[in-house]
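Asks:
There are 4 protein chains.
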Amino acid sequence: MPAKLVHHAYGKFDVRLTKVSRHPDRHELKELSVDVQLYGDDFAATYLTGDNSKVVATDSMKNTVYVLAKRHPIDSIDDFGAELVRHFVGTYAQVSSAEVWIKQRAWQRITTNGKPHRHAFVAGSDELRTCSVGYVHGGVTHHAGFENLVVLKTTDSAFTGYVRDEYTTLPETLDRIFATSVKATWTYEPELPADGWNERFTAVRQTMLDVFADHKSLSVQQTLYAMGEAVLDACPHVRLIRIEMPNQHRIPFNFEPLGLKFENDVYVPTEQPYGFIHATITRE
Amino acid sequence: MPAKLVHHAYGKFDVRLTKVSRHPDRHELKELSVDVQLYGDDFAATYLTGDNSKVVATDSMKNTVYVLAKRHPIDSIDDFGAELVRHFVGTYAQVSSAEVWIKQRAWQRITTNGKPHRHAFVAGSDELRTCSVGYVHGGVTHHAGFENLVVLKTTDSAFTGYVRDEYTTLPETLDRIFATSVKATWTYEPELPADGWNERFTAVRQTMLDVFADHKSLSVQQTLYAMGEAVLDACPHVRLIRIEMPNQHRIPFNFEPLGLKFENDVYVPTEQPYGFIHATITRE
Amino acid sequence: MPAKLVHHAYGKFDVRLTKVSRHPDRHELKELSVDVQLYGDDFAATYLTGDNSKVVATDSMKNTVYVLAKRHPIDSIDDFGAELVRHFVGTYAQVSSAEVWIKQRAWQRITTNGKPHRHAFVAGSDELRTCSVGYVHGGVTHHAGFENLVVLKTTDSAFTGYVRDEYTTLPETLDRIFATSVKATWTYEPELPADGWNERFTAVRQTMLDVFADHKSLSVQQTLYAMGEAVLDACPHVRLIRIEMPNQHRIPFNFEPLGLKFENDVYVPTEQPYGFIHATITRE
Amino acid sequence: MPAKLVHHAYGKFDVRLTKVSRHPDRHELKELSVDVQLYGDDFAATYLTGDNSKVVATDSMKNTVYVLAKRHPIDSIDDFGAELVRHFVGTYAQVSSAEVWIKQRAWQRITTNGKPHRHAFVAGSDELRTCSVGYVHGGVTHHAGFENLVVLKTTDSAFTGYVRDEYTTLPETLDRIFATSVKATWTYEPELPADGWNERFTAVRQTMLDVFADHKSLSVQQTLYAMGEAVLDACPHVRLIRIEMPNQHRIPFNFEPLGLKFENDVYVPTEQPYGFIHATITRE
Numbered sequence: 086m087p088a089k090l091v092h093h094a095y096g097k098f099d100v101r102l103t104k105v106s107r108h109p110d111r112h113e114l115k116e117l118s119v120d121v122q123l124y125g126d127d128f129a130a131t132y133l134t135g136d137n138s139k140v141v142a143t144d145s146m147k148n149t150v151y152v153l154a155k156r157h158p159i160d161s162i163d164d165f166g167a168e169l170v171r172h173f174v175g176t177y178a179q180v181s182s183a184e185v186w187i188k189q190r191a192w193q194r195i196t197t198n199g200k201p202h203r204h205a206f207v208a209g210s211d212e213l214r215t216c217s218v219g220y221v222h223g224g225v226t227h228h229a230g231f232e233n234l235v236v237l238k239t240t241d242s243a244f245t246g247y248v249r250d251e252y253t254t255l256p257e258t259l260d261r262i263f264a265t266s267v268k269a270t271w272t273y274e275p276e277l278p279a280d281g282w283n284e285r286f287t288a289v290r291q292t293m294l295d296v297f298a299d300h301k302s303l304s305v306q307q308t309l310y311a312m313g314e315a316v317l318d319a320c321p322h323v324r325l326i327r328i329e330m331p332n333q334h335r336i337p338f339n340f341e342p343l344g345l346k347f348e349n350d351v352y353v354p355t356e357q358p359y360g361f362i363h364a365t366i367t368r369e
Numbered sequence: 086m087p088a089k090l091v092h093h094a095y096g097k098f099d100v101r102l103t104k105v106s107r108h109p110d111r112h113e114l115k116e117l118s119v120d121v122q123l124y125g126d127d128f129a130a131t132y133l134t135g136d137n138s139k140v141v142a143t144d145s146m147k148n149t150v151y152v153l154a155k156r157h158p159i160d161s162i163d164d165f166g167a168e169l170v171r172h173f174v175g176t177y178a179q180v181s182s183a184e185v186w187i188k189q190r191a192w193q194r195i196t197t198n199g200k201p202h203r204h205a206f207v208a209g210s211d212e213l214r215t216c217s218v219g220y221v222h223g224g225v226t227h228h229a230g231f232e233n234l235v236v237l238k239t240t241d242s243a244f245t246g247y248v249r250d251e252y253t254t255l256p257e258t259l260d261r262i263f264a265t266s267v268k269a270t271w272t273y274e275p276e277l278p279a280d281g282w283n284e285r286f287t288a289v290r291q292t293m294l295d296v297f298a299d300h301k302s303l304s305v306q307q308t309l310y311a312m313g314e315a316v317l318d319a320c321p322h323v324r325l326i327r328i329e330m331p332n333q334h335r336i337p338f339n340f341e342p343l344g345l346k347f348e349n350d351v352y353v354p355t356e357q358p359y360g361f362i363h364a365t366i367t368r369e
Numbered sequence: 086m087p088a089k090l091v092h093h094a095y096g097k098f099d100v101r102l103t104k105v106s107r108h109p110d111r112h113e114l115k116e117l118s119v120d121v122q123l124y125g126d127d128f129a130a131t132y133l134t135g136d137n138s139k140v141v142a143t144d145s146m147k148n149t150v151y152v153l154a155k156r157h158p159i160d161s162i163d164d165f166g167a168e169l170v171r172h173f174v175g176t177y178a179q180v181s182s183a184e185v186w187i188k189q190r191a192w193q194r195i196t197t198n199g200k201p202h203r204h205a206f207v208a209g210s211d212e213l214r215t216c217s218v219g220y221v222h223g224g225v226t227h228h229a230g231f232e233n234l235v236v237l238k239t240t241d242s243a244f245t246g247y248v249r250d251e252y253t254t255l256p257e258t259l260d261r262i263f264a265t266s267v268k269a270t271w272t273y274e275p276e277l278p279a280d281g282w283n284e285r286f287t288a289v290r291q292t293m294l295d296v297f298a299d300h301k302s303l304s305v306q307q308t309l310y311a312m313g314e315a316v317l318d319a320c321p322h323v324r325l326i327r328i329e330m331p332n333q334h335r336i337p338f339n340f341e342p343l344g345l346k347f348e349n350d351v352y353v354p355t356e357q358p359y360g361f362i363h364a365t366i367t368r369e
Numbered sequence: 086m087p088a089k090l091v092h093h094a095y096g097k098f099d100v101r102l103t104k105v106s107r108h109p110d111r112h113e114l115k116e117l118s119v120d121v122q123l124y125g126d127d128f129a130a131t132y133l134t135g136d137n138s139k140v141v142a143t144d145s146m147k148n149t150v151y152v153l154a155k156r157h158p159i160d161s162i163d164d165f166g167a168e169l170v171r172h173f174v175g176t177y178a179q180v181s182s183a184e185v186w187i188k189q190r191a192w193q194r195i196t197t198n199g200k201p202h203r204h205a206f207v208a209g210s211d212e213l214r215t216c217s218v219g220y221v222h223g224g225v226t227h228h229a230g231f232e233n234l235v236v237l238k239t240t241d242s243a244f245t246g247y248v249r250d251e252y253t254t255l256p257e258t259l260d261r262i263f264a265t266s267v268k269a270t271w272t273y274e275p276e277l278p279a280d281g282w283n284e285r286f287t288a289v290r291q292t293m294l295d296v297f298a299d300h301k302s303l304s305v306q307q308t309l310y311a312m313g314e315a316v317l318d319a320c321p322h323v324r325l326i327r328i329e330m331p332n333q334h335r336i337p338f339n340f341e342p343l344g345l346k347f348e349n350d351v352y353v354p355t356e357q358p359y360g361f362i363h364a365t366i367t368r369e
């Protein structure tokens, strides 16, 4: 028999839950999607022979997520993720390591009579706060991030001086629209205090927004790097950050055949194809 | 030949555009998707014989949208829609009537140093402001609305007293989560002043949010009607409103087999199937 | 109080079900999504006062779909739809009329050793077979159709002779790619025999494919009409057909700035914007 | 300055193209989406200083894809991918390595009068044939695969004997529906002949379908492994295969509260949450 199982993992993905915390003066609402993935050599048996005696059913993982969601305050997804990986590794000897990915959707309070309502909410944007918590070699590791943070600036973005050859038709520009859907994931320094995850997240996100807004951009790459560098500068708890910035192009409408002139006024948003820039930045 | 052409229309759909207005102290950003549809008996020829001599190419409709977007301030999509239908009916004798649907995506200014930025934006939710402007029998008609306004309240929603028979398994509840993606379209009274569309829109939307948040709901139907009634009460320029409220169910997680109790705390969001309620409400 | 409820309806949508029929020599697989909508004046009470005593819970509608799916052979969605509307109108006095929309996804048998497998399947395309069955004024009406039938022909499609004016930049062409996602809905003649729905459906669909493939197209409109005309000609049980043909454009890649020539060889598929043509054709 | 750029890459993604080859007796149609990604230390300059002098604009990459698509027969995406990476590494000294991912959508000929049409096509399923071709250390590496191959078997799938503890509510079953959307990626042995990519692909895919259909499954894991093992057995040109099999659950409808019995007949298809199994299998 020529085959060998070299890597395997399994879990339950997209376990969606809503948690409501009912305080006298206001209700708190959290909505999460949780992915759980378990690793362990003992799981090889079911692949090779169909022996399921060590298999934790993915349906049971799902149940576990809801039970722990009930017991845990879920102040932050990072804390809840740590609770989950500790549970799976601590409960089942055959689980050598575990990984949990959580995505949190934003809800905002509806404003009525100029004040935030105590129990009525309106959905936010498609931006998701994310975390990835792992249990490896006896320790918990924390990664966090966000995705679908769609930002756009109408000026302070140039693109000139690039290679011009027989395949080049793009005109140089000193002033273009810069739009992108930012995805960022960062690794936290180990041994951080258990509380403070929400503040750490907010600091990274706001730093990136600030730089995006104010940067005089000579290329997407330069702005991306400046955003990552600023995070490392402002957030000592971040050790490494990976940033992905796929372009959401706004192309000048070609008014020329219609006898008019494009004056940085009317653009065509397009989705395909798109430039895709990504990089990882770390402390020296 | 047994066939007869009884209804036909054609147009260009999903013409997407970005319009930037550059003021000294701030840039304004508008992003629209425009659908144009034209009607006219003369268009029958191309169906029946392939004679295209009266056909306005949909590609030309697209060009027209960009040209008019350049010339028009686009203070409101309602105004821009009226400009478009007037253009098509006024320019081509073969166009007896025209309809334009516009969807506007929300962008918000990025906040830096506590202040809204002058030219950097972050995408809002999936909510779309919409309008439908028609030119029929010599007059322009205005409809407006929104879609994907996703709202949720954690209490003040009951559902009891409904038919119980052999097909009924749903338990009655005095306190459930009420979540829905509201779509509303309303018809404006004729002959309204040309300015004021943004204020009219905002008044309808805020009225609906206020009622949704504060209503003591006995059924989705009752809340829907209360929202529509309040609009007609608060907004004299609205003649008729249609509201669609598909449920976005949050189902109590069944903790019983796990030896725990559901305490209005942890829910499962589900997408299929969904209850769908809609109604049209008008002035008496 | 200025408001009046003029139209209302409610139901359960996207009730998804899988039905397996286990025959000795083969298994049959059907996958449906069912929408149920009920009408009746008595439902006004819940809108106006929150009195739910006449309300059939949408959760009960869902249960009913599954119970009837168990009892019914579901040889065709049209038959099953008729069963459903008869049930709702026959069971509840407050239901004056009912409408059911069903979508059926295609599964094909996996071929192993050159033969169709008895119980293993592979998903087909996104094409959906649809029906809409109504119970109005004591009779059952049958509409049927399909959507997402994506077809493309690489030649025999021209577009010339259309209006040329200051908004026109599209070049005329004698040979272009014609691609579209066809949606068709037709109304059957009343009082057709209860069996035969599958054969009727197949006849309409194949007729439309045949015409699409072989037609020498002078415009999308002309081909659309030819397809509808052929259906009325070949299918005496069809009284009226509505066809929607949104373009899925394949735009010639502009090789000119790169010193090459487009030779009807390389195209750019685009999704926005798109031309949208639709018409209704009936017997004279 | 505390930051260091440790990894970076960029490219143009989702370059969509249609290639028509016009033979006297038939037209051939290929539709691809191409992602190009370039690597090289010299690209660091634009991140750090905005110096774009080494940057190949992603727009130029797009142009290159179309130019090479024109010149190349595209008999297989694997061949075309190799052409692309060789071009980018061969043309630009600053490109140390390149990677290209291509996805190909299936089109089938429309059958008219019982025969495949010469130039009219109908879209296939959402299944995509994929390849990933890299140029590293002077050699071209070939990976291939598919995704969205949705398969379902109505019997020969059991799941019993797994861990039962306080988190377990799933009943054991000897006969369930097994449905999944298979994604597979495999690595080819180096130095294969340049022709034969299509045959190699077809052999892997058919082997996996055969095993899926006929396997007596004790767990998803066991079937997944059997599929991979069979590929390594039947396809000597494959060195390693990674298979992902997310469950597409069909849950028995709970007829009990309605006084009926589930008899392996009516199921509820659900999308969230889903079990996710993946593994990599290689030659010993």
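Chains as they are written, first to last, in our numbering: chain A, 86 to 369; chain B, 86 to 369; chain C, 86 to 369; chain D, 86 to 369. The C-beta atom is built at its ideal place from N, Cα and C for all residues, glycine as well. Computed from a prediction, not measured in an experiment: that's the story for all the values here.
Using 7 Å as the limit for Cβ to Cβ distance, is LYS238 (chain B) near chain A?
Replies: Reading the second sequence from its first residue, position 153 is the one you call residue 238 (chain B). Yes, its Cβ sits closer than 7 Å to a Cβ of chain A.
Asks: Between the alpha carbons of VAL248 (chain B) and THR226 (chain B), how many angstroms are there, rounded?
Replies: The sequence position of residue 248 (chain B) within the second sequence is 163, counting from 1. The sequence position of residue 226 (chain B) within the second sequence is 141, counting from 1. Between VAL248 (chain B) and THR226 (chain B), the C-alpha separation is close to 42 Å.
Asks: How close, in whole Å, do the beta carbons of ALA279 (chain A) and VAL296 (chain A) come, if the pair is a contact with beta carbons under 8 Å?
Replies: Position 194 of the first sequence, counted from the first residue, corresponds to residue 279 (chain A). Position 211 of the first sequence, counted from the first residue, corresponds to residue 296 (chain A). Contact doesn't hold; Cβ gap of about 29 Å is too wide.
Asks: Where DSSP assigns a beta bridge to THR362 (chain D), which residues make up the other side?
Replies: Reading the fourth sequence from its first residue, position 277 is the one you call residue 362 (chain D). With the sequence shown as reference, residue 362 (chain D) is identified as Ile, and Thr is not the correct amino acid for it. Bridge partners of ILE362 (chain D): A:TYR95, D:MET330.
Asks: Find the nearest neighbour of TYR151 (chain C) within the set D:PRO358, D:CYS320, D:ILE366, D:PHE338, judged by alpha-carbon distance.
Replies: Translated into positions along the third sequence, residue 151 (chain C) becomes position 66. The shortest Cα separation from TYR151 (chain C) among D:PRO358, D:CYS320, D:ILE366, D:PHE338 belongs to D:PHE338.
Asks: Can you tell which of B:ALA208, B:GLU257, B:HIS204 has the C-alpha that lies nearest to the C-alpha of PRO109 (chain B)?
Replies: For the purposes of this step, residue 109 (chain B) is identified with residue 24 of the second sequence, where counting begins at 1. Looking at the Cα atoms, B:HIS204 is the closest of the given residues.
Asks: What are the complete beta strand (DSSP E) segments, minimum 3 residues, inside the stretch 134-206 of chain A?
Replies: The stretch 134-206 of chain A contains these whole beta strand (DSSP E) runs: 182-197.
Asks: Where PHE340 (chain A) and GLY224 (chain B) are concerned, what is the direct C-alpha to C-alpha distance, given to the nearest angstrom?
Replies: Counting from 1 along the first sequence, the entry for residue 340 (chain A) is found at position 255. Counting from 1 along the second sequence, the entry for residue 224 (chain B) is found at position 139. Straight-line Cα distance between these residues: approximately 31 Å.
Asks: Distance, Cα to Cα, PHE217 (chain C) vs THR365 (chain D)?
Replies: The sequence position of residue 217 (chain C) within the third sequence is 132, counting from 1. The sequence position of residue 365 (chain D) within the fourth sequence is 280, counting from 1. According to the sequence shown, residue 217 (chain C) is Ser rather than Phe. About 46 Å.
Asks: My understanding is that SER304 (chain C) touches PHE244 (chain C), with C-beta atoms under 8 Å, so please give their C-beta distance in whole angstroms.
Replies: Looking up residue 304 (chain C) in the third sequence gives position 219. Looking up residue 244 (chain C) in the third sequence gives position 159. Yes, SER304 (chain C) and PHE244 (chain C) are in contact; Cβ-Cβ is about 6 Å, under 8 Å.
Asks: Within 7 Å of any Cβ in chain D, is that where the Cβ of PRO337 (chain B) sits?
Replies: Here the question's residue 337 (chain B) lines up with position 252 in the second sequence. So, not an interface residue.
Asks: Is there at least one non-hydrogen atom of the ligand FMN closer than 6 Å to the beta-carbon of GLU329 (chain A)?
Replies: As far as ligands go, the structure on display features none, and thus does not contain the ligand FMN.
Asks: Provide the residue(s) that pair with LEU343 (chain B) in DSSP beta bridges, ordered along the chain.
Replies: If you number the second sequence from 1, residue 343 (chain B) lands on position 258. None, per the DSSP bridge assignment.
Asks: Please go through the same chain and pick out, in chain order, the residues whose beta-carbon is closer than 7 Å to the beta-carbon of ILE195 (chain C), but skip the five residues on each side of it.
Replies: Locating residue 195 (chain C) in the third sequence gives position 110, where the first residue counts as 1. Once the five neighbours on either side are set aside, the close Cβ partners of ILE195 (chain C) are HIS202, ALA205, PHE206, VAL207.
Asks: Which residue wins for smallest C-alpha separation from TRP271 (chain D), given the options D:VAL316, D:GLN189, D:VAL185?
Replies: By 1-based counting over the fourth sequence, the position of residue 271 (chain D) is 186. Closest option to TRP271 (chain D), Cα to Cα, is D:VAL316.
Asks: If you draw a straight line from the C-alpha of VAL140 (chain C) to the C-alpha of SER182 (chain C), how long is it?
Replies: By one-based count along the third sequence, residue 140 (chain C) stands at place 55. By one-based count along the third sequence, residue 182 (chain C) stands at place 97. Those two C-alpha atoms are separated by around 14 Å.
Asks: Mapping the DSSP letters down to three states, classify GLN122 (chain A) as helix, strand or coil.
Replies: Within the first sequence, numbered from 1, the residue matching residue 122 (chain A) stands at position 37. Of the three classes helix, strand and coil, the one that applies to GLN122 (chain A) here is strand, per DSSP.
Asks: What does ARG368 (chain C) reach in chain B if we use C-beta pairs closer than 9 Å?
Replies: For the purposes of this step, residue 368 (chain C) is identified with residue 283 of the third sequence, where counting begins at 1. Near ARG368 (chain C) (Cβ distances below 9 Å), the residues of chain B are PRO87, ALA88, LYS89.
Asks: For TYR359 (chain C) and LEU343 (chain D), what's the separation of their Cα atoms in angstroms?
Replies: In the third sequence, the residue the question calls residue 359 (chain C) occupies position 274. In the fourth sequence, the residue the question calls residue 343 (chain D) occupies position 258. Rounded to whole angstroms, TYR359 (chain C) to LEU343 (chain D) spans 48 Å at the Cα level.
Asks: In the DSSP output, what is CYS77 (chain C) paired with across the bridge?
Replies: A query on residue 77 (chain C) cannot be resolved here, the shown segment of chain C reaching from 86 to 369 and no further.
Asks: Nearest chain D C-beta to PRO331 (chain B) closer than 7 Å, yes or no?
Replies: For the purposes of this step, residue 331 (chain B) is identified with residue 246 of the second sequence, where counting begins at 1. False, the Cβ-Cβ gap to chain D never drops below 7 Å.
Asks: Taking the CB atoms as reference points, tell me whether GLU314 (chain C) and ALA88 (chain B) lie closer together than 7 Å.
Replies: One-based indexing of the third sequence puts residue 314 (chain C) at position 229. One-based indexing of the second sequence puts residue 88 (chain B) at position 3. Yes, Cβ-Cβ distance for GLU314 (chain C) and ALA88 (chain B) is below 7 Å.
Asks: Suppose contacts are defined by Cβ-Cβ distances below 7 Å. Is ILE159 (chain A) in contact with LYS104 (chain A) by that definition?
Replies: Counting from 1 along the first sequence, the entry for residue 159 (chain A) is found at position 74. Counting from 1 along the first sequence, the entry for residue 104 (chain A) is found at position 19. Yes; because the gap between Cβ atoms is below 7 Å, this pair is in contact.
Asks: What are the boundary residues of the alpha helix (DSSP H) that includes VAL296 (chain D)?
Replies: Within the fourth sequence, numbered from 1, the residue matching residue 296 (chain D) stands at position 211. VAL296 (chain D) -> alpha helix (DSSP H) spans 282-299.
Asks: Let me know the secondary structure DSSP gives GLY246 (chain A) once reduced to three states.
Replies: By one-based count along the first sequence, residue 246 (chain A) stands at place 161. In the structure shown, GLY246 (chain A) sits in coil (DSSP, three-state: anything other than H, G, I, E or B).
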